[in-house]
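In the numbering used here, the protein residues as written are 3 to 450.
Beta carbons are placed, not taken as given, at the ideal position from N, Cα and C, and that holds for glycine.
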RNA sequence: GCGACCGUAGCUCAGUUGGUUAGAGCACCGGAUUGUGAUUCCGGACGUCGCGGGUUCGAAUCCCGUCGGUCGCCCCA
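Structure representation (C-alpha cells):
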C-alpha cells in the first residue's frame with residue numbers, strides 16, 4: 003500500500019541538494035581554514051542542552067524563541083541550541099583551572115531558533131563561532147577580527163564590500179553620562195540605542211526623554227550616533243565628527259593601535275550606533291556589515307567577561323564572534339562569489355569519465371574505473387544504455403569531467419583513448435598506464 | 001505572536017466576465033543519425049492547479065480556513 007501523504011521540509015529549514023551542499027562546504031572550508039591559520043582549535047558540543055543553560059544567561063523571555071522539549075515520560079527540559087556561546091562557556095567552565103590561557107576555540111555548529119523566517123533569518127542555520135578565553139581588551143578582540151577578516155578576504159570580499167563596524171560600550175556610556183543620563187539608566191539607554199535606526203525619530207526622542215535627556219541632549223546624541231568614521235581616524239577626529247569631547251573616546255585608542263599593527267584598519271569603521279542588544283556585552287562590540295547596507299549583519303560579537311563564571315567556572319575574560327551562513331550567502335551571491343548557478347560550479351569535478359562504446363568493453367571499463375579510484379582519482383562511469391558517443395561525451399562534459407576515457411574495439415588489445423575535455427585533444431594510451439597517464443596530465447594541466 | 005503579498009509540470013510562465021479532456025518554452029528520460037561534446041529527428045514521463053471546505057448546473061478562476069514561500073514588525077543571542 004502506498005501512502006498519498008506528502009511531506010515538506012519544516013518551516014525555515016533548508017534541503018541541501020548537491021549544488022547547495024557544495025556551496026555550504028565551500029563556506030565551511032573557508033571558515034575552518036581561516037580559524038586554523040589564525041591558531042584556533044575546533045570544538046563541537048551537543049545539539050541540545052538543558053533549557054536552564056539558556057535561561058540563566060538570557061532570562062525566561064528567551065524560551066519563546068527556542069525549540070524546547072521534554073522527553074515523553076521525562077522530567078528534564080531541553081532546548082535545541084539557539085547559539086553556541088553558552089555551550090562554549092560550559093565547556094570552558096568544566097575545564098576549570100586546567101584550561102590553558104589564552105584558549106582559542108572555534109566551532110561551526112547548526113543552530114535553531116523558533117523565529118518567523120525572513121530575509122537573512124531561518125530557523126536552522128550554520129554559525130561560525132570564534133572565541134578567545136583569557137585575553138583582555140583589545141588583544142582578544144583583534145584576534146577575532148583578524149580571523150573574521152581573513153575569512154571574508156578568502157571569500158573574495160574587500161573592504162569596499164564589507165566593514166567591521168565597531169564601537170565601545172564604555173565610550174558610549176561616557177557620552178550618555180555627559181549628556182545627563184544617570185548611571186542607573188545606562189543599560190536602558192543601550193537598549194534604546196540598539197534600536198536607534200529602527201525607531202521613528204519622534205519615538206526615539208520620546209524614549210530618550212524618559213531616560214533624562216532634554217531636547218538639546220537628544221539632538222546632540224542623534225548627531226553623534228549617525229556618524230561612521232574610518233577606524234584610521236584618531237579618537238580626536240572621531241570625537242570632533244560626533245560633536246563631543248575627546249575624553250569619552252579614550253577607550254578606543256588601544257584598539258586602534260592594535261588594529262593598525264595588524265594591518266586591519268582599512269576593514270574597520272567606528273560606528274557608535276553599534277551597541278548589540280545583549281545586556282551582558284561590555285567594552286568593545288562589533289558587527290560585520292555589507293557596505294551597501296542592504297542586508298542584516300553578517301556577523302556580530304563582543305566581550306562577555308563574566309559569562310563563564312555564570313555557569314560555574316572561573317572568572318575569565320572572554321570575547322567572541324558569530325557569523326551566520328544565511329546573510330553571508332546572500333552577500334556572496336549578490337557579488338557572484340558563490341558560484342553563479344547556486345553552487346553547481348562548486349561541485350567536485352571528476353578527473354575521468356569512462357565510456358564503453360563497445361558492449362564487449364563494459365566489464366573492462368569497470369576494472370578501469372576501479373583502478374583509477376584506487377589511484378586516488380575521482381572517476382565516473384556512464385550508466386547509459388546509449389552507445390551514442392556524442393551523447394556520452396555530453397554527459398562527461400555536463401558533470402564537468404576533465405578527461406574522458408573512451409573504450410572501443412581497441413580495448414580488447416589493451417588500448418583506450420584519453421580525451422582532454424577542455425582542449426578536445428586526445429591520445430591513445432595503454433589501459434595499464436591509465437592511472438599514471440591521467441595523473442601526469444592532471445598535474446601539468448591548467449589549475450582550474 | 002502580528003501584518004502584507006504570493007502558491008498552475010522539475011524551472012519560467014500562459015490560462016478570457018467562472019464554461020468541455022489545463023497549455024507553451026526550456027529542462028528531463030529512452031532511442032535514431034553524422035560515431036567526438038553540436039545540429040536534426042522519433043518517442044516518453046510529467047500536474048488531484050499547495051491542501052481542505054464552501055458558493056455554483058459548472059471552480060485553476062469567487063469566498064473561508066489551513067499549510068508553505070517571500071518581505072516587514074516583535075526579537076535579534
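**Sequence ranges, beta strand (DSSP E) only - wholly within the region 154 to 231, length at least 3** = 164 to 170
**Request:** Look at the alpha carbon of residue 446 and the alpha carbon of residue 353, and state the distance between them as a whole number of angstroms.
**Result:** 13 Å
**residue 356 versus residue 26 - alpha carbon distance** = Each residue's Cα considered, the two are about 29 Å apart.
**Asked** With C-beta atoms as the reference, is residue 95 less than 7 Å away from residue 314?
**Response** The answer is yes: Cβ separation under 7 Å.
**Item:** Cβ shell of residue 373 (< 8 Å), same chain only, five flanking positions each side left out
**Value:** 436 and 437
**Item:** Counterpart residues of residue 323 in DSSP-defined beta bridges
**Value:** Residue pairing for residue 323: DSSP places it in a beta bridge opposite 132 and 303.
**Prompt:** Identify the residues that DSSP records as bridge partners of residue 107: which are they?
**Reply:** 43 and 133
**Item:** Coil, strand or helix - residue 275 by DSSP
**Value:** Under the three-state reduction of DSSP, residue 275 is assigned to coil, being neither helix nor strand.
**Message:** Could you check if residue 445 belongs to the surroundings of the ligand ZN, using beta carbon to heavy atom distance under 6 Å?
**Reply:** The ligand ZN is absent from the structure shown, which contains no ligands of any kind.
**Asked** Any idea what DSSP makes of residue 19, helix, strand or coil?
**Response** coil
**Request:** Can you tell me which of 276, 226 and 12 puts its alpha carbon nearest to the alpha carbon of residue 242?
**Result:** Residue 226 is the option with its Cα nearest to residue 242.
**Message:** So the candidates are 410, 103, 415 and 442; which of them puts its Cα closest to the Cα of residue 422?
**Reply:** For residue 422, the nearest C-alpha among the options comes from 442.
**Request:** Could you spell out the range, first to last residue, of the beta strand (DSSP E) harbouring residue 286?
**Result:** Run containing residue 286: 284 to 292, per the beta strand (DSSP E) assignment.
**Asked** Helix or strand or just coil, what does DSSP make of residue 78?
**Response** coil
**Whether residue 285 touches residue 171 by CB criterion (7 Å)** = yes
**Message:** Our contact map puts residue 454 next to residue 21 with C-beta atoms below 8 Å; I'd like the distance itself, whole angstroms only.
**Reply:** In the structure as shown, the chain starts at 3 and stops at 450, and residue 454 therefore has no counterpart that could be examined.
**Prompt:** Is it true that the CB of residue 230 sits closer than 7 Å to the CB of residue 220?
**Reply:** no
**Prompt:** When burial is assigned at 16 or more other CB atoms within 10 Å of the CB, is residue 29 buried or exposed?
**Reply:** buried
**Prompt:** Identify the residues that DSSP records as bridge partners of residue 366: which are they?
**Reply:** Per DSSP, none; premise fails for residue 366.
**Message:** Using a 10 Å radius around the Cβ and a threshold of 16 neighbouring Cβ atoms, would you call residue 396 buried or exposed?
**Reply:** exposed
**Asked** By how many angstroms is the C-alpha of residue 392 removed from the C-alpha of residue 34?
**Response** If you take the alpha carbons of residue 34 and residue 392, they lie about 41 Å apart.
**Burial state of residue 260 (16 or more Cβ within 10 Å)** = buried
**Prompt:** So is residue 18 buried or exposed if we call it buried at 16+ other beta carbons inside 10 Å?
**Reply:** exposed
**Item:** For residue 99 and residue 107, the rounded distance between their alpha carbons
**Value:** 17 Å
**Asked** Helix, strand or coil: which one does DSSP assign to residue 421?
**Response** Correct three-state label for residue 421: strand.
**Asked** How do the region 136 to 146 and the region 103 to 121 stand: do at least 3 beta-carbon pairs fall below 8 Å, yes or no?
**Response** yes
**Message:** Could you check whether residue 300 and residue 169 sit closer than 7 Å to each other, using their CB atoms as the reference points?
**Reply:** no
**Item:** Beta-carbon gap between residue 413 and residue 363 smaller than 7 Å
**Value:** yes
**Prompt:** When we look at the beta-carbon of residue 9 and count the other beta-carbons within 10 Å, is it buried (16 or more) or exposed?
**Reply:** exposed
**Residues bridged to residue 112 (per DSSP)** = 128
**Asked** With distances taken between CB atoms, is the gap from residue 89 to residue 47 smaller than 7 Å?
**Response** Closer than 7 Å, so yes.
**Request:** Please state if the CB of residue 318 and the CB of residue 136 are separated by a distance shorter than 7 Å.
**Result:** yes
**Request:** Go through its chain and collect everything with a Cβ distance to residue 244's Cβ below 6 Å, but skip five positions before and after it.
**Result:** 226 and 229
**Item:** Exposure label - residue 274; buried when at least 16 CB within 10 Å
**Value:** Under this definition residue 274 is a buried residue.
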